[in-house]
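In order, the protein sequences belong to chains A and B.
Quick note: the first sequence uses our numbering, first residue 236, plus one each step.
Quick note: the second sequence uses our numbering, first residue 2, plus one each step.
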Amino acid sequence: MGQDTSQPISRRSFLNYLLGLSVVGWAGSVLFPIYEYFKIPPKRDDEPTSVVAASLKSLKPNQGVIFKFGSHPGILIMGIDGQLRAFSAVCTHLDCTVKYRPDLQKIHCACHGGMYDLNGQNISGPPPRPLTPYKVTQRGDDVIVSRT
Amino acid sequence: MAGTPLARVMGWLRERLPIDALEEFASHKTVPKYRGSIWYYFGGVSLFLFIVQVTTGILLILYYQPGVQTAYESVRFTVVHVRFGWLVRSIHTWSANLMIFSVFVHMFSVYFTKAFRRPRELTWLSGFVLLLLCLGFGFSGYLLPWNTLAYFATKVGTAITATAPLVGPWLMQLLRGGKDVGAETLTRFFGLHVALMPAIFTAILGIHLLLIQIQGMHEPHGWKDAPPAERRTMPFFPNFILRDLLLWLIVLNVLAILAVMFPWEIGHKADPNAPAPLGIKPEWYFLFMYQALKYFPGKILGLDGDAVGVLLFGLGGLLWALVPFWDPRLPSGARNRALNWIGIVVVAAILVLTGIGLS
């Protein structure tokens with residue numbers, strides 16, 4: 236009885252293959268939960284669609300106020316003409332919070348000097364996109380801002 | 002330069018690091034093979050469990066928010082909402098318990114094989130400090146989920162430190178960050194648990210492991226005088242290391258089974274105004290001290306009973322830590338039966354008191 240020389244793999248390499256496979260399986264079973272653990276679970280969707288941003292009594296022309304819209308800041312501006320406009324106050328450049336500059340009648344970001352006009356359009360500095368606009372309505376003295 | 006990329010990288014490193022010397026060192030290192038060889042593995046198991054603790058601990062910090070209003074909620078969020086969060090927390094808790102168990106086994110095996118003797122006194126002392134730090138990790142980590150059991154266990158545990166003579170009250174306030182267990186205690190314990198103690202532990206662990214490498218594995222009594230045929234050894238690398246790794250794999254699997262089958266509960270959020278629930282007990286590794294303190298009368302020779310108990314435990318611990326220095330003065334020679342009997346009494350007392358405490 237001669238040895239079967241046509242055998243493509245030896246017992247040793249077969250066992251090595253199995254061992255290697257089990258090491259990969261073991262490593263996977265450790266690393267997979269850790270990889271999954273890093274995924275931030277979705278928070279319950281409790282972001283409001285509208286919010287009372289300010290009272291008309293507290294606003295005067297050429298003034299801007301920051302209000303809390305869910306977990307983000309928003310900016311409500313009463314222009315010199317008395318018109319109300321609202322935007323997301325998060326600068327489209329690097330997420331700083333913008334501010335209304337009555338002296339320039341522009342929206343300004345102090346972090347890197349980004350400038351937006353009263354329509355939220357980026358007009359100078361680094362911001363790549365306009366600010367996200369919101370819809371403004373009134374109910375009595377309350378100024379209500381909602382997502383468009 | 003010829004060869005595979007790996008060989009080229011190794012060649013590059015060889016020119017810059019003393020790899021040859023390390024290989025030379027490892028090739029001479031041996032582990033004695035005798036019926037006590039199994040005890041050599043518990044240090045490695047403890048080390049592995051420490052690595053598990055560091056890994057899972059870092060993962061837990063990603064979602065943990067220390068604070069009376071947020072700690073419990075964030076742990077619950079981790080367990081309920083984060084993918085595999087329940088597994089990570091359960092492994093951290095189980096691994097902590099197994100680590101303390103393994104460290105105790107390691108310590109007693111070193112004691113009974115008398116491996117602490119000259120020249121290994123420093124290894125023993127550093128190991129003793131590591132054991133104390135493990136208990137500190139257990140005590141401080143227990144509070145972090147801010148649940149009822151942890152809250153009251155911490156109250157009792159810190160109150161016991163106050164009974165220690167002279168420094169007691171000061172020590173209790175230092176731990177609590179105030180007169181009572183509260184928000185300051187939680188942030189202090191958090192800082193201790195994740196920053197101060199890991200730093201100290203890692204440094205002392207490094208010294209402990211370095212000493213073992215410098216002095217080599219302890220050989221049993223009479224080994225040097227035995228005929229060479231009876232002195233069977235195993236190369237440290239790769240034979241012992243591979244066995245160590247296999248055991249680590251088994252321990253990890255045991256850990257996974259325990260964590261999945263018996264996940265650790267979060268309990269109820271601590272309410273400082275609620276009365277203590279029934280059955281408040283410390284963790285099992287403090288139980289023998291807790292149980293022993295119950296047997297001390299209120300007053301002993303005009304002194305507070307608890308204070309006397311704490312003092313005796315402190316003295317006992319100190320004597321235990323200093324065993325390499327008083328053992329040679331005992332009369333019964335190298336085999337030293339007296340030492341064995343002292344050890345047996347200590348182990349028996351711990352087991353009996355823990356058993357009474359559990360039941």
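By construction, the Cβ of each residue, glycine as well, lies at the ideal position given by its N, Cα and C atoms.
For the set Arg374/A, Thr372/A, Tyr351/A, Tyr335/A, the Cα lying nearest the Cα of Pro363/A is the one of Tyr351/A.
The DSSP-derived three-state label of Val104/B is helix.
Within the region 277-311 of chain A, no residue has its Cβ closer than 8 Å to any Cβ of chain B. Positions of the beta strand (DSSP E) runs, each at least 3 residues long and wholly inside the region 107-157 of chain B, cannot be given because no such run exists. Distance from the Cα of Pro277/A is smallest, within the candidate group Leu50/B, Asp226/B, Val81/B, for Val81/B. With a threshold of 8 Å between beta carbons, Leu48/B makes no contact with chain A. Gln70/B has its alpha-carbon roughly 11 Å from the corresponding atom of Asp272/B. Neighbourhood of Gly223/B in chain A, by CB distance below 7 Å: empty, with the nearest CB roughly 39 Å away. Using a CB distance cut-off of 8 Å, Lys274/A counts as an interface residue toward chain B. Counting along the chain, the unbroken alpha helix (DSSP H) around Ala257/B starts and ends at 242-262. Chain-ordered listing is empty here: chain A has no CB closer than 8 Å to the CB of Val130/B, the nearest sitting near 31 Å. Judged by beta-carbon spacing, Arg84/B lies within the 8 Å limit of Tyr272/A, meaning their Cβ atoms are closer than that value. At a cut-off of 8 Å between beta-carbon atoms, Arg84/B makes contact with chain A.
In the DSSP annotation of this structure, the continuous segment of the alpha helix (DSSP H) that includes Met11/B starts and ends at 6-17. Across the structure, Leu319/B and Ser141/B are spaced so that their CA atoms are roughly 22 Å apart.
If you draw a straight line from the Cα of Phe191/B to the Cα of Phe202/B, it comes to about 15 Å. DSSP places Thr327/A in no beta strand (DSSP E); its state is neither H nor E. At a cut-off of 8 Å between beta-carbon atoms, Leu256/B makes no contact with chain A. Only residues of its own chain outside the window of five on either side were considered, and among them Gly169, Pro170, Met173 have a CB closer than 6 Å to the CB of Ala163/B, listed in chain order. Per DSSP, Leu99/B has no beta bridge partner at all. DSSP places His29/B outside any beta strand (DSSP E); the residue lies instead in the alpha helix (DSSP H), whose first and last residues are 20-29. Residue-level contact by beta carbon holds for Val89/B and chain A, with a gap shorter than 8 Å. Neighbours of Leu60/B in chain A, taken as residues whose beta carbon is under 9 Å from its own, are Ile269, Tyr272, Phe273 in chain order. Burial state of Val333/A is buried, judged by a 10 Å Cβ sphere holding 16 or more other Cβ atoms.
In the DSSP assignment, Leu167/B falls outside any alpha helix (DSSP H), carrying neither H nor E. The C-alpha of Trp342/B lies about 52 Å from the C-alpha of Arg17/B.
Rounded to the nearest whole angstrom, the CA to CA distance from Gly45/B to Pro308/A is 53 Å. A contact between stretches requires three or more CB pairs, one per stretch, nearer than 8 Å, and the region 233-241 of chain B meets this requirement with the region 19-36 of chain B.
When rounded, the separation of the alpha-carbon atoms in Leu88/B and Leu366/A is 42 Å.
In this structure, Leu145/B is the residue among Leu145/B, Arg121/B, Phe113/B, Ser127/B with its C-alpha nearest to the C-alpha of Arg90/B. Just so you know, the alpha carbons of Asn274/B and Glu220/B end up roughly 57 Å apart.
If you check the CB distance, Phe302/A and Val286/A come in under 8 Å. Residue burial annotation: Met11/B is exposed, with fewer than 16 other C-beta atoms found within 10 angstroms of its C-beta. When the beta-carbon positions are compared, Thr327/A and Asn357/A come within less than 8 Å of each other. Contact between Leu359/B and Leu279/B is ruled out by a C-beta separation of about 15 Å, above the 8 Å threshold.
Using a 10 angstroms sphere on the CB of Asp338/A, the tally of other CB atoms stays under 16, which defines it as exposed.
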